[in-house]
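Trainee: Before anything else, here's the structure in question.
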Amino acid sequence: MENKKNNNNLLLPVYGSKWDIHPEPNNKIPQNSMRSDEAYQMIYDEMNLQGNTNLNLATFVTTWMEPAAEKLMTLGSRYNLIDEDEYPRLKTIEDRIIKMEAELFNAPKTLKPTGVTTVGSSEAIILGLLAHKWTWRKKRQEAGLDYYKPNIIFGADVHTCWEKFARYFDVEIKIIPMKPGKYTIDANDVKPLLDENTIAVGAIVGTTFTGQVDDVKSINDMLIQYEKETGRYIPIHVDAASGGFVLPFIMPEFEWDFRLEHVRSINVSNHKFGLVYAGMGSLVFKDHSDLPQELPFEINYLGGTMSNYSLNFSKSSSNLLAQYYNFLRYGKDGYHHIVNAVMQNAHYLEKRLIDSGYFEILTDTKFLPIVVVKLKNEYTFTAYDLSMSLKESGWIIPAYSLPKNSEEIVVLRMVVKENFTHTFAQKLLTDIDKTIKYLMREPVKIKKDVKVSITKPHGVC
Ligand SMILES: Cc1ncc(COP(=O)(O)O)c(C=O)c1O
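In my numbering, the protein residues as written are 9 to 469.
This is how it looks when you write it as structure tokens:
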């Protein structure tokens, strides 16, 4: 400790300081300074006391980027994205990104798509649905009708952020329950729930639970017919958090996007298959008229006047630059290559898991590189035990029960990402085999309350 006061402090090694033999600073800012390399190492080491990002198959979120993109992220972290007047190029880049995404989602050329980048899909979904609520309310006001009971229709296959929107913005939820074997929604599920107070229908392109896709086309066609019969126009918001950067590259003909008349807004998580690190989503409106002009705030205190539609205010430009880099660097061809490789690895993993005889596939890996399996037989261990035990080999693979009405089904979900290569798949398969054999010999029972905390799917995005 005394050595710290020594003039030769700079010559001291990184390890060996008082912080290496006493608890780290944790409840007040330390009084004394420490060397930069010491502080860096202390924090760096602490990061290693947790899951390995490369072995984390629980998350959809990107865990690897090219070094050039990382450099741009460091550069971008100096620029507050909100300071449009000082940094006008950021706004230009954001607009380009929204336009590129609108084109990717087949927005008609005759319209003027608009949108914003957000912290993630949750913010994008909340802002998108808010816009639909305002449009619905305005129409009702203009028609002299009451506007106190808005409702929204979606399936139990949605991510929690949909319920968050409804709760925070006082909108009734009309939820379509799942049934064993049917984990998505279609027109027949939606139609009986529609009424004059429905602000929008939600459809998911790549559900969090199974990676499947709601039947957006059938819902769209039914809504066209519904409008003819009732005069009510009900928009669809598509949550393409995971599917938005996958389907355009593997199934360009598959219609789920702005090609469908009633799809008026789409969100996507750039930090999923847009291939940037955590902290970015996008909300794209099919046309600027889909965003009521009363919603964006005009602000003038940063110099100049600018329009802002967001829940948050200041944020770094890191992800924005990284996403723009990926679009330029990879192009559509590059995304196509990456997504194809990822799908192939997902299919390989899925096939080998089925061939092992231990698993049954819950849904096939048709739309997204997500492998969802359940144990085929009653074993002396559960999927929760397997998930927990695989952590000993470093793998993070969540086990969770499906939404209401199918909650007796417990699955294991593996999200295959670009850095999960064939070699990783083989190692995982070996570890699964080894772990199952061990559990058969030495059954481990995890207490029920522990199961919930380690596997809650809403905590895993
Ligand atoms: C379908 C879906 N929607 C929304 C979200 C929330 O996304 P974010 O974490 O970007 O807010 C997720 C997260 O996985 C998701 O899978």
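Idealized CB from N, CA, C, for every residue including glycine.
Just so we're clear, the structure is a prediction, and the values are computed from it rather than from any experiment.
#1: Hey, out of Ser273, Asn385 and Glu109, whose CA is closest to Leu336's CA?
#2: Check this for me: beta carbons of Leu80 and Leu329, under 9 angstroms apart or not?
#3: If we ignore side chains and look at the alpha-carbon of each, how far apart do Val22 and Ile29 end up?
#4: Considering only residues of the same chain and omitting the five flanking positions on each side of Asn413, which have a CB-CB separation below 8 angstroms?
#5: Under 8 angstroms, with one C-beta from each stretch per pair, do the region 34 to 45 and the region 394 to 405 reach the 3-pair mark?
#6: Can you determine whether any heavy atom of ligand 1 sits closer than 8 angstroms to the C-beta of Lys146, and answer yes or no?
#7: Is it the case that the Cβ atoms of Thr283 and Arg360 are separated by a distance below 9 angstroms?
#8: Jot down the residue ranges of each uninterrupted beta strand (DSSP E) in the region 312 to 353, minimum 3 residues, whole runs only, in chain order.
#9: Residue range of the beta strand (DSSP E) that Tyr446 falls in?
#10: For Thr463, collect the residues of the same chain with a Cβ closer than 7 angstroms to its Cβ; drop the 5 residues on either side in sequence, then sort them by chain order.
#11: Suppose the cutoff is 6 angstroms on Cβ atoms and the five residues either side in sequence are ignored; what does the same chain contact list for Val276 look like?
#12: With Ser277 as the anchor, note down where its alpha helix (DSSP H) starts and where it stops.
#13: Over what stretch of residues does the beta strand (DSSP E) that includes Ala407 continue unbroken?
#14: According to DSSP, simplified to helix, strand and coil, what is Thr390?
#15: For the alpha helix (DSSP H) containing Ala132, list its first residue and its last residue.
#16: One question on the structure: do Asn114 and Phe293 come within less than 9 angstroms of each other, judged by their Cβ atoms?
#17: For Thr371, does the count of other Cβ atoms within 10 angstroms reach 16, so buried, or fall short, so exposed?
#18: Within 8 angstroms: the Cβ of Thr216 and any heavy atom of ligand 1?
#19: What is the DSSP secondary structure of Thr373, reduced to helix, strand or coil?
#20: Between the C-alpha atoms of Lys120 and Lys107, what's the straight-line distance to the nearest angstrom?
#21: With C-beta atoms as the reference, is Ile244 less than 9 angstroms away from Ala195?
#22: Leaving out the 5 sequence neighbours to the left and right, which residues in its chain are closer than 8 angstroms to Lys384 when beta-carbon positions are compared?
#23: Looking at the unbroken beta strand (DSSP E) that takes in Arg421, where does it start and where does it end?
#24: Taking the alpha helix (DSSP H) that Asp45 belongs to, which residues open and close that run?
#25: Could you give the DSSP three-state label for Ala115: helix, strand or coil?
#26: What ranges does the alpha helix (DSSP H) occupy inside the region 196 to 248, keeping only unbroken runs of at least 4 residues that lie completely in it?
#27: Thinking C-alpha only, which one of Lys225, His296 and Tyr241 is nearest Lys117?
#28: Given that a residue counts as buried once 16 or more other Cβ atoms are within 10 Å of its Cβ, and exposed if not, what is Met422?
#29: Is there a Cβ from chain C that is less than 9 angstroms from the Cβ of His279?
#30: Can you give the Cα-Cα distance for Asp178 and Leu268, rounded to whole angstroms?
#31: From what residue to what residue does the beta strand (DSSP E) around Phe162 run?
#32: Which residues in the same chain as Asn62 place their Cβ atom closer than 7 angstroms to its Cβ, once the five residues preceding and following it in sequence are excluded?
#33: For Phe367, which beta-bridge partners are listed by DSSP?
#34: Measuring CB atoms only, is the region 197 to 206 touching the region 152 to 167, in the sense that at least three cross pairs come out at less than 8 angstroms?
#35: How many angstroms separate the CA atom of Glu32 from the CA atom of Lys26?
Mentor: The structure says:
#1: Glu109
#2: yes
#3: 13 angstroms
#4: Ala164, Pro185, Met186, Lys187 and Pro188
#5: no
#6: no
#7: Sequence inspection shows Leu at residue 283; the Thr mentioned does not correspond to that position. No. Outside cutoff.
#8: 314 to 316
#9: Here Tyr446 belongs to no beta strand (DSSP E); instead the alpha helix (DSSP H) covers His430 to Arg449.
#10: Confidence at Thr463 is low in this model, with a pLDDT of 37, below 50, so its placement is unreliable and the value that follows should be read with caution. Once the five neighbours on either side are set aside, the close Cβ partners of Thr463 are Tyr392, Ser395, Pro406, Ala407 and Tyr408.
#11: Ala248, Gly252 and Ser290
#12: Note, Ser277: premise wrong, no alpha helix (DSSP H); beta strand (DSSP E) at Val271 to Ser277.
#13: Ala407 to Ser409
#14: coil
#15: Ser129 to Glu150
#16: no
#17: buried
#18: yes
#19: coil
#20: 9 angstroms
#21: no
#22: Gly365, Tyr366, Phe367 and Glu368
#23: Val418 to Val423
#24: Ser44 to Met55
#25: coil
#26: 224 to 238
#27: His296
#28: buried
#29: Structure shown: chain C not included; a single protein chain is present.
#30: 28 angstroms
#31: Asn159 to Gly163
#32: Thr71 and Asn427
#33: Leu383
#34: yes
#35: 9 angstroms
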